[in-house]
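One structure is given here, and the rest of the page talks about it.
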Amino acid sequence: MIKVYIADDQELIRESLKIVLSANSDIELVGSGSDGFETLEDIKHNKPDVILMDIRMPKMDGVIATKKIKQLYPDIKIIILTTFDDDEFVYSALKYGASGYLLKGVSMENLHKAIQTVYKGGSMINPDIATKVVTLFSKMAQSNYSIEVDEELTKEISNTEWKVIQQVARGLSNKEISANLFLSEGTVRNYLSSILSKLNLRDRTQLAIWAVQTGVLMKDFNDD
Numbered sequence: 001m002i003k004v005y006i007a008d009d010q011e012l013i014r015e016s017l018k019i020v021l022s023a024n025s026d027i028e029l030v031g032s033g034s035d036g037f038e039t040l041e042d043i044k045h046n047k048p049d050v051i052l053m054d055i056r057m058p059k060m061d062g063v064i065a066t067k068k069i070k071q072l073y074p075d076i077k078i079i080i081l082t083t084f085d086d087d088e089f090v091y092s093a094l095k096y097g098a099s100g101y102l103l104k105g106v107s108m109e110n111l112h113k114a115i116q117t118v119y120k121g122g123s124m125i126n127p128d129i130a131t132k133v134v135t136l137f138s139k140m141a142q143s144n145y146s147i148e149v150d151e152e153l154t155k156e157i158s159n160t161e162w163k164v165i166q167q168v169a170r171g172l173s174n175k176e177i178s179a180n181l182f183l184s185e186g187t188v189r190n191y192l193s194s195i196l197s198k199l200n201l202r203d204r205t206q207l208a209i210w211a212v213q214t215g216v217l218m219k220d221f222n223d224d
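So the sequence shown is numbered by full-length UniProt numbering: it starts at 1 and just counts up by one.
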């Protein structure tokens with residue numbers, strides 16, 4: 001069972017999501033809150049696997065709540081579920097460790113799929129803003145949001161791993177990377193795990209930001 005918590009300041013949204021998600025046999029709803037403070041307090045007692053997080057909430061918004069939750073509970077996956085696709089919100093939420101960013105117009109089927117995906121360690125970004133995210137990474141490449149990796153660590157990365165990194169930086173899913181590089185999804189997951197370990201990075205979001213900042217997307221990695 002995937003334990004899910006809903007953080008949204010609108011009671012109607014919270015109750016609607018509860019009704020829809022409770023129809024899925026693999027999901028257990030463990031609570032809901034109307035702001036970041038309430039969410040932080042609640043999850044102390046019943047830690048969820050995945051949090052559906054609204055952005056604009058009173059007292060503590062979803063971006064700050066995401067930052068604090070990931071600092072305290074790095075294993076909890078967070079999906080930003082909002083009506084807003086503002087650049088600042090998108091970038092900050094991903095920077096602080098969100099595994100997904102979906103607009104509230106998403107179908108319930110796709111929301112369920114997103115919960116399953118992030119629970120398994122993947123990422124899910126609404127197609128409408130996926131291109132924007134890649135563009136944002138490029139624009140912010142020289143900003144204070146830099147991800148640092150010791151250059152010595154990069155020497156351990158193979159050509160195939162570099163190709164996987166490029167695909168991640170373009171916002172592609174494991175399934176898409178698998179198809180593009182003619183690898184099984186299991187092999188892609190193994191490569192990602194190895195890459196993150198070698199570079200001392202927390203997740204694929206940090207990997208994507210670092211890859212764009214360092215110009216990896218523009219390089220050509222020929223086979224050995």
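A virtual CB, placed ideally from N, CA and C, is assigned to each residue, including glycine.
All figures in this text were calculated on a predicted structure; none of them were measured in a lab.
So, are the CB atoms of A93 and I80 less than 8 Å apart?
yes
Considering only the beta carbon of each residue, do Y96 and K59 sit closer than 8 Å?
no
Contact check, S164 vs V118, beta carbons under 8 Å
Per the sequence presented here, residue 164 reads as Val, with Ser not at that position. Contact flag unset, no.
Which value, in whole angstroms, describes the spacing of the CA atoms of V212 and G62?
25 Å
Looking only at its own chain, which residues have a Cβ that is under 7 Å from the Cβ of E156, when we skip the five neighbours before and after it?
K198
Using 8 Å as the threshold, is the segment 6-24 in touch with the segment 35-55, meaning 3 or more CB pairs across them?
yes
Would DSSP call K70 helix, strand or coil?
helix
Residues sharing a beta bridge with E148, DSSP:
Bridge partners of E148: none, in fact.
From I43 to K120, what does the alpha carbon distance come to, in whole angstroms?
20 Å
Could you give the uninterrupted runs of the alpha helix (DSSP H) lying entirely in the segment 149-176, keeping only those of 4 residues or more?
151-154, 159-169
Let me check understanding here. Comparing Cα to Cα, which of E11, H45, M1 lies closest to I27?
M1
Looking only at its own chain, which residues have a Cβ that is under 6 Å from the Cβ of T82, when we skip the five neighbours before and after it?
D54, I55
Using the rule of at least 16 other Cβ atoms within 10 Å of the residue's Cβ for burial, across every protein chain shown, is L12 buried or exposed?
exposed
Within the same chain, show all residues whose beta-carbon is closer than 8 Å to that of M57, passing over the 5 residues directly before and after it, in chain order.
A7, D8, D9, S34, D35, G36, A65
Exposed unless 16 or more other CB atoms sit within 10 angstroms - verdict on A208:
buried
I115, DSSP secondary structure in three states:
helix
Where the beta strand (DSSP E) containing A7 begins and where it ends:
2-7
Using only the alpha-carbon positions, how far apart do V216 and I147 sit?
13 Å
Mapping the DSSP letters down to three states, classify G33 as helix, strand or coil.
strand
Closer than 7 Å by C-beta to residue 274: which residues in its own chain qualify, once you throw out the five before and the five after it? Chain order, please.
It is not possible to answer for residue 274, since the shown part of the chain is limited to 1 through 224.
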